[in-house]
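*Asks:* Here's a structure for you.
Protein chains in written order, with this note's numbering: chain A, 24 to 132; chain B, 53 to 165.
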């Protein structure tokens with residue numbers, strides 16, 4: 024799995040867009056970029072994943088740079104329930120996940 | 053989606069004893085994964101459990117300490133043996149759908165006293 028680098032913490036005002044960056048410069052051409060989050064005391068929850076193209080679902084948008092060395096997870100209208108640790112992971116999807124330290128996102132009322 | 057039921061949700065155990073954690077999935081899956089999350093830390097993979105074969109352990113984890121069973125395609129157990137306070141952690145099981153998302157149980161919060 025590709026090694027990823029994320030800022031340890033971020034704050035975002037409630038109702039604003041939260042933009043979480045991730046560097047994955049060692050990702051291979053056929054590795055996906057996955058995002059998960061872990062709300063306190065719960066199991067991690069899948070958010071979104073992508074290979075080359077930008078992706079959007081009901082939870083978030085994923086913007087992957089053309090060189091695939093970095094990506095940004097966007098939560099368009101952050102709520103207090105989005106406070107969590109967010110993990111960016113490179114991998115193939117059907118294998119074990121290697122979790123880094125993630126970004127602790129705090130939504131400020 | 054996959055629904056994962058993990059038991060127990062939490063336990064307090066005496067040092068030197070063992071605890072077996074159960075993970076039940078509502079559909080057949082090839083691989084099941086067991087993770088440990090120590091207090092304030094990220095998740096660390098303990099082992100991968102395939103049905104019909106020995107589990108594959110990650111560096112730093114051994115079968116004598118964390119024996120795993122995988123009797124069928126929907127069930128697995130992880131035993132934490134001869135526990136010490138350092139084993140106090142959240143233990144999580146997980147399954148994957150190929151090239152899409154992984155699903156996690158809610159975890160077992162273990163406290164060893």
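We put the beta carbon where it would ideally sit given N, CA and C, even for glycine.
Would the beta-carbon of residue 88(B) fall within 8 Å of that of residue 98(B)?
*Replies:* Along the second chain, read from residue 1 onward, the residue named residue 88(B) stands at position 36. Along the second chain, read from residue 1 onward, the residue named residue 98(B) stands at position 46. In this structure, residue 98(B) lies closer than 8 Å to residue 88(B) by Cβ.
*Asks:* Does any CB atom of chain B fall closer than 8 Å to the CB of residue 120(A)?
*Replies:* Residue mapping note: residue 120(A) aligns to position 97 of the first chain, counting from 1. Taking Cβ atoms only, chain B reaches closer than 8 Å to residue 120(A), which makes this a yes.
*Asks:* When the distance is taken between beta carbons, is residue 102(B) closer than 8 Å to residue 15(B)?
*Replies:* Absent from the structure is residue 15(B), since the part of chain B shown begins at 53 and ends at 165.
*Asks:* May I ask which residues mark the beginning and end of the beta strand (DSSP E) holding residue 57(B)?
*Replies:* The count along the second chain starts at 1 and reaches residue 57(B) at position 5. Residue 57(B) -> beta strand (DSSP E) spans 56–59.
*Asks:* Is the Cβ of residue 129(A) closer than 8 Å to any Cβ of chain B?
*Replies:* Here residue 129(A) corresponds to residue number 106 of the first chain, with the count starting at 1. With 8 Å as the cut-off, residue 129(A) does not count as an interface residue toward chain B.
*Asks:* For residue 62(A), count neighbouring Cβ atoms within 10 angstroms of its own Cβ and tell me buried if that reaches 16, exposed if not.
*Replies:* On the first chain, position 39 is the one that residue 62(A) refers to. Exposed: under 16 other Cβ atoms inside 10 Å.
*Asks:* For a test of the three-state rule: what should DSSP assign to residue 138(B), helix, strand or coil?
*Replies:* Looking up residue 138(B) in the second chain gives position 86. Residue state, collapsed to three classes: helix.
*Asks:* Tell me the DSSP secondary structure of residue 103(A) in three-state form.
*Replies:* Indexing the first chain from 1 puts residue 103(A) at position 80. Three-state DSSP puts residue 103(A) in a helix.
*Asks:* Of all Cβ atoms in chain B, is any one closer than 8 Å to the Cβ of residue 29(A)?
*Replies:* As a first step, residue 29(A) must be located in the first chain, where it is residue number 6. Cβ-Cβ to chain B under 8 Å: no for residue 29(A).
*Asks:* What did DSSP end up calling residue 149(B) once you bin it into helix, strand or coil?
*Replies:* In the second chain, residue 149(B) corresponds to position 97, counting from 1. If DSSP states are grouped into helix, strand and coil, residue 149(B) belongs with coil.
*Asks:* Assuming the contact rule is C-beta atoms closer than 8 Å, residue 46(A) and residue 97(A) should be a hit. Round their C-beta distance to whole Å, please.
*Replies:* Your numbering for residue 46(A) matches position 23 in the first chain. Your numbering for residue 97(A) matches position 74 in the first chain. In fact, because the Cβ distance is near 16 Å, the residues do not count as touching under 8 Å.
*Asks:* Measure the beta-carbon distance from residue 71(A) to residue 80(A) and round it to whole angstroms, keeping in mind my assumption that it falls under 8 Å.
*Replies:* In the first chain, residue 71(A) corresponds to position 48, counting from 1. In the first chain, residue 80(A) corresponds to position 57, counting from 1. Correct: roughly 6 Å between the Cβ atoms.
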